[in-house]
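Participant:
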């Protein structure tokens, strides 16, 4: 990871937050450079939302500090440079997307590029309708447009594509990649691993309120260059023990850091495999494997 | 007016203006209740009844606009998101106060217009001007009482709780029935209510008599108590956030 500079988009060290006696977040570190996209991952209740609320300045950390472009999180300077998705509940029902986008743009003191945003997020036909009758996916698209309306240099997107159909998800990923390519920075929480891989350069995995893994996705892949071999065998045939293969009911799977070597040995031992496929391990499986190796069995 | 403030005002007016559940009870009810009850009373109390329902309108806006919105905003994710936007949150309060002034003005004007339309009152411009001043003073107290209520109540409880306090206070203060008609025990309590103080100032405005400093003190007292409640309740909310 490149050395973080003082005025980087996000610089958070040792964040901790207590709710009463419950430790929601105990030790979170985050760093994000300009033109980078970071995926914030973790199981439910891991502290992702609490972390995001400290990054946006909605909650003050009990320990540690967050700097947004060198400004305290939640300070006027930080807020002027950042955009965030609102949660989908509690929108003022009586307003239309055009009115809400116009409102948000005015708070950033910019002219609302309503038509462009509507086109990016598929809101054209909804733009003058009142939010009251919107579906979950339509609200989500408005929420995404609101994160970008102020021309921010850093956006926080909380579960941006939950409830979106395939076309809308791809549309969003295109906008997000374009934003990052033009020097914008992005923090994204998501349960879709493929989306994180499609948009983000690096990830931070949190669990029980702590950063347990961080790094660039490319580095993580290099560090654990593991592939998965998937194949079928005739009935009553089992793979040799050295392959540590598992059967999922239909096909056999085996993971290996040296897939070529494994394949050679399979051929050498004349294993009657059929329909062999070799693919790099999914990010999710890769991370599971790294964590298993780090924490032991 | 700056762009952000104008946007804040537009948001507030659109939201409240498109919410009949807000403006029917606060803006239309005072005039309607005046027609039902106030305008039916004795001839010599007619002008005072107009003042009573004008004050009643002021209290309603304070309770239902600020009381309910403060309670709802505390729990609303949209209000939380607004805090992540640039520009000072003070604009939201200014917009709220401007909106409440507009709603109060319309509500009071409807009561006064109805009183004149029904040919019940003969009061001069000076008396109406004094009554407007009383409404302005009363809206100060009413707003802080509303914010105090909103700081204590949950979003779900805010509307019923506002009704539960607002309606008895209006009765106790002698706004619905003239204070002379209140049972003597009630009248003792009445002296300490903010509604009675607002009413007394309103009636004095109509009569052109001196404002009783005692009632001004009662209003000031309720304002101070409300501000104290707001400060304590908000500090508590912040601690548990």
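Residue numbers (the working numbering), protein chains in the order written: chain A, 208 to 504; chain B, 131 to 371.
Glycine is no exception: its CB is placed at the ideal position from the N, C-alpha and C atoms.
As the structure is a prediction and not an experimental result, all values here were calculated from the model.
#1: Please classify residue 251 of chain A as buried or exposed, where buried requires at least 16 other C-beta atoms within 10 Å of its C-beta.
#2: State the Cα-Cα distance for the pair residue 209 of chain A and residue 236 of chain A, rounded to the nearest angstrom.
#3: How would you write the range of the alpha helix (DSSP H) that residue 224 of chain B sits in, first residue to last?
#4: Quick one: which unbroken beta strand (DSSP E) runs of 3-plus residues sit fully inside the segment 241 to 322 of chain A? Chain order, please.
#5: Identify the residues that DSSP records as bridge partners of residue 256 of chain B: which are they?
#6: Within its chain, find whatever has a CB closer than 7 Å to the CB of residue 319 of chain B; leave out the 5 residues flanking it on each side and keep chain order.
#7: Cα separation between residue 341 of chain A and residue 144 of chain B?
#8: Figure out for me which residue from B:362, B:156, B:336 and B:170 has the closest Cα to the Cα of residue 196 of chain B.
#9: To the nearest angstrom, how far is the alpha carbon of residue 226 of chain A from that of residue 496 of chain A?
#10: Name, please, each residue of chain A whose Cβ falls closer than 7 Å to the Cβ of residue 148 of chain B.
#11: Should residue 224 of chain A be labelled buried (16 or more other beta-carbon atoms within 10 Å of its own) or exposed?
#12: For residue 323 of chain B, does the count of other Cβ atoms within 10 angstroms reach 16, so buried, or fall short, so exposed?
#13: What would DSSP say about residue 421 of chain A, mapped onto helix, strand or coil?
#14: My assumption, with CB atoms under 8 Å, is that residue 409 of chain A sits in contact with residue 487 of chain A. Please give the rounded CB distance.
#15: Can you grab the Cα-Cα spacing for the pair residue 358 of chain A / residue 292 of chain B, in whole Å?
#16: Do you know offhand how far residue 442 of chain A's Cα is from residue 368 of chain A's?
#17: Which bits of chain A does residue 399 of chain B rub up against, with CB to CB less than 7 Å?
#18: Using 8 Å as the threshold, is the segment 460 to 477 of chain A in touch with the segment 283 to 301 of chain A, meaning 3 or more CB pairs across them?
#19: Starting from residue 459 of chain A, follow its DSSP beta bridges and name the residues at the other end.
#20: Counting contacts by CB-CB distance shorter than 8 Å, is residue 208 of chain B in contact with chain A?
#21: Check each candidate in B:311, B:131, B:261 and B:149 and name the one with the smallest Cα separation from residue 301 of chain A.
Facilitator: Let me lay it out:
#1: For the purposes of this step, residue 251 of chain A is identified with residue 44 of the first chain, where counting begins at 1. Flag for residue 251 of chain A reads exposed.
#2: Reading the first chain from its first residue, position 2 is the one you call residue 209 of chain A. Reading the first chain from its first residue, position 29 is the one you call residue 236 of chain A. Residue placement at residue 209 of chain A is flagged as unreliable, the pLDDT there being 44, under the threshold of 50; a coordinate-derived value is accordingly withheld.
#3: Within the second chain, numbered from 1, the residue matching residue 224 of chain B stands at position 94. Run containing residue 224 of chain B: 220 to 247, per the alpha helix (DSSP H) assignment.
#4: 244 to 248, 270 to 275 and 289 to 291
#5: Indexing the second chain from 1 puts residue 256 of chain B at position 126. DSSP, once it has assigned bridges, lists no residue as partnering residue 256 of chain B.
#6: Position 189 of the second chain holds residue 319 of chain B. 302.
#7: If you number the first chain from 1, residue 341 of chain A lands on position 134. If you number the second chain from 1, residue 144 of chain B lands on position 14. Rounded to whole angstroms, residue 341 of chain A to residue 144 of chain B spans 18 Å at the Cα level.
#8: The count along the second chain starts at 1 and reaches residue 196 of chain B at position 66. Selected option, being the one with the closest Cα: B:156.
#9: In the first chain, the residue the question calls residue 226 of chain A occupies position 19. In the first chain, the residue the question calls residue 496 of chain A occupies position 289. Taking the straight line joining both Cα atoms gives about 32 Å.
#10: If you number the second chain from 1, residue 148 of chain B lands on position 18. The contacting residues are 301.
#11: Position 17 of the first chain, counted from the start, is the residue given in the question as residue 224 of chain A. Counting Cβ neighbours within 10 Å, residue 224 of chain A comes out buried, since at least 16 surround it.
#12: As a first step, residue 323 of chain B must be located in the second chain, where it is residue number 193. Burial call: buried.
#13: Stepping through the first chain from its first residue, residue 421 of chain A is reached at position 214. In this structure, residue 421 of chain A counts as strand in the three-state DSSP scheme.
#14: Translated into positions along the first chain, residue 409 of chain A becomes position 202. Translated into positions along the first chain, residue 487 of chain A becomes position 280. Actually they are not in contact, since the Cβ atoms of residue 409 of chain A and residue 487 of chain A sit about 17 Å apart, beyond 8 Å.
#15: Indexing the first chain from 1 puts residue 358 of chain A at position 151. Indexing the second chain from 1 puts residue 292 of chain B at position 162. Going by the C-alpha atoms only, they are around 41 Å apart.
#16: Position 235 of the first chain holds residue 442 of chain A. Position 161 of the first chain holds residue 368 of chain A. Straight-line Cα distance between these residues: approximately 42 Å.
#17: Any answer about residue 399 of chain B is impossible in this case: the structure gives chain B only from 131 up to 371.
#18: no
#19: For the purposes of this step, residue 459 of chain A is taken as residue 252 along the first chain, with counting starting at 1. In DSSP, residue 459 of chain A forms a bridge with A:438 and A:454.
#20: Counted from its first residue, the second chain places residue 208 of chain B at position 78. For residue 208 of chain B, the answer is yes, since a Cβ of chain A falls inside 8 Å of its Cβ.
#21: Position 94 of the first chain, counted from the first residue, corresponds to residue 301 of chain A. The option with the nearest alpha carbon to residue 301 of chain A is B:149.
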